[in-house]
Amino acid sequence: MKTSVVVVAALAAVLFLAQSYASLAGASGPRVIIVGAGMSGISAGKTLWEAGVRDLLILEATGRVGGRMHKHNFGGINVEIGANWVEGLGGDQLNPIWPLVNSTLKLRNFYSDFDSVVGNVYKENGGGLYDEEYVQKRMDRAYEVEELGANLTKKMHPSGRDDISVLAMQRLFNHQPNGPTTPVDMALDYFIYDYEFAEPPRVTSLQNTQPTPTNADFGEDNYFVADQRGYESIIHSIGSSYLSTDGNGKLKDRRILLNKVVRQIAYNKQGVVVKTEDGSSYRADYVVVSTSLGVLQTDLIQFKPQLPFWKIAAIYSFDMGVYTKIFLKFPERFWPVGEGKQFFMYASSRRGYYALWQSFEREYPGANVLLATVTDDESRRIERQSDDQTKAEVAEVLRDMFPGADVPGPDQIDIYVPRWWSDRFFKGSYSNWPVGVSRYEYDQLRAPVGRVYFTGEHTSERYNGYVHGAYLAGIDSANILINYIFKNEEYKVRGKYDVEDDLIAQAR
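Under mature numbering (1 follows the signal peptide of the UniProt record, and there is no 0), read the sequence shown as residues -22 to -1, 1 to 486, first letter to last.
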């Protein structure tokens, strides 16, 4: 009798496991859970769907689709608190995001005249504008050194073993050997590097940012998206090919579950079990994790068993930058506007202290809104302090720049400060490629672990940190899974100094 009970129990357990992972043999193909409904997650889902993988479930931690593409109503207008530009236009290749923005959805967008910033560099302590000719000479020298750095990378081993930091390159060419020290040089250096990569030259890889692959492939023009539908509309448009939408074209599908905070991913050779903070469990054959690099570097999601050391080491080898857009609304406009006045800088003796400013007069006429951008340590500092303190600092800086203007007091300023670094669902703005890591670590970063697959802008070797990088990463990661499902092809990490692979890369 005891033996019969044991046999029945064993059969029941086998039946339970078979039912749990029955989708492998189901007519609809394997079941895939996608963690995150941002650009990469939605892009990966579309690629899987088009390949015939139709049993999809998307678990999103927040209450919205879009991830780090997020519009926010501020002062009666929708502004982009995350991604804002289509970066990389005017080159031989077409940025894949541009047709969606400019043709499919026809989102309002504006050319960003960054070159004009040299005529709008303000001294601290109420000294007015720096002489434009002087600033231009300093900028020309900075760009000359940047070009020397780009040429240097062509001589480096493709594996990245010879890589140095951008600051080391500047020292090599005797350009500010101890780093930029004058307010103007610090401001221009910040504009060229920190404003782009969200981290300073001392930590940023030379070989993998000079030239920036986005500019090399797609061109150097940038267009600022300022549409009340939001830049995130392109994610809804991409997803609409396989997911249902509401009357406004926004994704609203039973296969997208919002406010589902994934806390654990258990995996073995048979499949995966994803557990959420509300106590729910979801079983599937595979899972695609599209959370940010910042989230992967925290303990928000526990993997059972723990990810192997090589994977953890790759995750922690990369940086999650913090790029903060501070939105400020005033009762009246007191700053100059017009041709060549879109961007201006504050050359503080404290690097990165409210350095970059943008007027919204062209994009949102009459809104009286300014955008101040800070990054890295300044971002973290400002996230930790109160908005009242930030308004007081902003008012003081603006009085420095415009001493003769009627700059309102902090109590008359409306402010919105996104806090990407403090948000446990993001923990930063976008990834940066630091010195010391190479395409080998990138291979490891996007490599699957068993039935757990990874995607996100941080897994895009050429375009990390960009919207098009997130979009293409979703496609690439989905194809890695598709090749395994239909061709039984396992993803292989190239050798760190694989000469054959490197010669092929050089030939391309």
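Glycine residues also receive a C-beta, built at the ideal position from the N, C-alpha and C atoms. Values in this document were obtained by computation on a predicted structure and should not be read as measured data.
Straight-line Cα distance separating residue j from residue i
{"i": "Asp141", "j": "Ala128", "result": "12 angstroms"}
{"i": "Val57", "j": "His48", "result": "8 angstroms"}
{"i": "Val79", "j": "Ile212", "result": "7 angstroms"}
{"i": "Arg417", "j": "Gly138", "result": "7 angstroms"}
{"i": "Met379", "j": "Asn461", "result": "57 angstroms"}
{"i": "Asn429", "j": "Lys247", "result": "Per the sequence shown, the amino acid found at residue 429 is Arg instead of Asn. Cα to Cα, Arg429 sits roughly 7 angstroms from Lys247."}
{"i": "Lys470", "j": "Val266", "result": "17 angstroms"}
{"i": "Leu130", "j": "Gln185", "result": "8 angstroms"}
{"i": "Arg119", "j": "Ser357", "result": "28 angstroms"}
{"i": "Ala(-10)", "j": "Gly249", "result": "Confidence in Ala(-10) is poor, its pLDDT being 36 and thus under 50, which makes the residue's placement too unreliable to answer from."}
{"i": "Tyr264", "j": "Gly23", "result": "12 angstroms"}
{"i": "Val315", "j": "Ser259", "result": "55 angstroms"}
{"i": "Ser183", "j": "Phe464", "result": "37 angstroms"}
{"i": "Phe296", "j": "Glu310", "result": "43 angstroms"}
{"i": "Pro396", "j": "Asn466", "result": "44 angstroms"}
{"i": "Thr368", "j": "Ser270", "result": "27 angstroms"}
{"i": "Gly473", "j": "Gln422", "result": "10 angstroms"}
{"i": "Pro189", "j": "Phe196", "result": "12 angstroms"}
{"i": "Asp354", "j": "Trp313", "result": "27 angstroms"}
{"i": "Ser455", "j": "Glu124", "result": "33 angstroms"}
{"i": "Thr437", "j": "Pro381", "result": "46 angstroms"}
{"i": "Ser327", "j": "Lys133", "result": "36 angstroms"}
{"i": "Ala370", "j": "Asn193", "result": "37 angstroms"}
{"i": "Val427", "j": "Phe169", "result": "39 angstroms"}
{"i": "Glu439", "j": "Gly7", "result": "30 angstroms"}
{"i": "Arg9", "j": "Val31", "result": "8 angstroms"}
Simplified DSSP state of residue i, which is helix, strand or coil
{"i": "Pro388", "result": "helix"}
{"i": "Tyr324", "result": "strand"}
{"i": "Gln363", "result": "coil"}
{"i": "Tyr260", "result": "strand"}
{"i": "Ser92", "result": "Sequence check: residue 92 is Phe here, not Ser. Helix at Phe92."}
{"i": "Pro412", "result": "strand"}
{"i": "Ile59", "result": "coil"}
{"i": "Tyr(-2)", "result": "Because the pLDDT of Tyr(-2) is 39, which lies under 50, any placement of that residue in the model is unreliable, and the number read from its coordinates should be weighed accordingly. DSSP places Tyr(-2) in coil when its eight states are reduced to three."}
{"i": "Trp288", "result": "helix"}
{"i": "Ala5", "result": "For Ala5, the predicted structure reports a pLDDT of 37, less than 50, and the residue's modelled location is therefore unreliable. A value from the coordinates is still provided. In this structure, Ala5 counts as coil in the three-state DSSP scheme."}
{"i": "Asn193", "result": "helix"}
{"i": "Ile142", "result": "coil"}
{"i": "Thr353", "result": "strand"}
{"i": "Asp205", "result": "coil"}
{"i": "His214", "result": "helix"}
{"i": "Phe305", "result": "strand"}
{"i": "Gln280", "result": "strand"}
{"i": "Ala(-10)", "result": "Any reading at Ala(-10) must be qualified, since the residue scores a pLDDT of 36, below 50, and its modelled position is unreliable; no value is offered."}
{"i": "Ala244", "result": "strand"}
{"i": "Asp172", "result": "helix"}
{"i": "Glu177", "result": "coil"}
{"i": "Thr223", "result": "strand"}
{"i": "Gln185", "result": "coil"}
{"i": "Val300", "result": "coil"}
{"i": "Trp335", "result": "strand"}
{"i": "Asp378", "result": "helix"}
{"i": "Glu28", "result": "helix"}
{"i": "Lys84", "result": "coil"}
{"i": "Val43", "result": "coil"}
Same chain, Cβ closer than 6 angstroms to residue i, neighbours up to 5 away in sequence not counted
{"i": "Ser18", "result": "Ser268, Thr433, Gly434, Ala448, Ala451, Gly452"}
{"i": "Thr187", "result": "none"}
{"i": "Val445", "result": "Ala61, Ile75"}
{"i": "Leu221", "result": "Leu229, Asp231"}
{"i": "Asp205", "result": "Leu85, Arg86"}
Of the residues the options, the one placed nearest residue i, counting alpha carbons only
{"i": "Arg42", "options": "Phe403, Val445, Asp163, His436", "result": "Phe403"}
{"i": "Ala425", "options": "Leu459, Glu339, Ile20", "result": "Leu459"}
{"i": "Gly14", "options": "Gly69, Leu236, Val123", "result": "Leu236"}
{"i": "Ile36", "options": "Leu26, Gly105, Ile12, Asp454", "result": "Ile12"}
{"i": "Trp411", "options": "Val385, Trp398, Gly443, Trp399", "result": "Gly443"}
{"i": "Gly53", "options": "Val347, Thr190, Glu28", "result": "Val347"}
{"i": "Tyr475", "options": "Gln206, Glu419, Ile360", "result": "Glu419"}
{"i": "Val318", "options": "Ser337, Asp109, Asp199", "result": "The question names Val, yet the displayed sequence has Gly at residue 318. Among Ser337, Asp109, Asp199, the Cα nearest to that of Gly318 is on Ser337."}
{"i": "Tyr179", "options": "Ala194, Pro155, Asp199", "result": "This sequence places Pro at residue 179; Tyr is not what is there. Nearest option by C-alpha distance: Pro155."}
{"i": "Val181", "options": "Glu174, Leu145, His135", "result": "Leu145"}
{"i": "Ala244", "options": "Ile279, Asn226, Glu110", "result": "Ile279"}
{"i": "Tyr342", "options": "Val203, Gly257, Gly217, Asp384", "result": "Val203"}
Residues of its chain near residue i, where Cβ-Cβ distance is below 8 angstroms and the 5 sequence neighbours each way are ignored
{"i": "Val372", "result": "Ile304, Leu306, Tyr332, Ala350, Pro388, Ile391, Ile393"}
{"i": "Leu107", "result": "Gly97, Asn98, Val99, Tyr100, Lys101"}
{"i": "Ile360", "result": "Thr302, Ile304, Val352, Thr368, Val395"}
Other residues of its chain near residue i: CB distance less than 7 angstroms, five sequence neighbours each side excluded
{"i": "Gly272", "result": "Met298, Phe404, Lys405, Gly406"}
{"i": "Glu255", "result": "Val239, Arg241"}
{"i": "Gln114", "result": "Val96"}
Could you tell me which uninterrupted beta strand (DSSP E) segments, each at least 3 residues in length, are contained entirely in the region 418 to 475, listed from first to last along the chain?
DSSP runs (the beta strand (DSSP E)) wholly in the region 418 to 475: 430 to 432.
Which parts of the region 92 to 167 are runs of the alpha helix (DSSP H), unbroken and 4 residues or longer, counting only runs that do not cross its ends?
List check, alpha helix (DSSP H) in window: 110 to 131, 144 to 150, 161 to 167.
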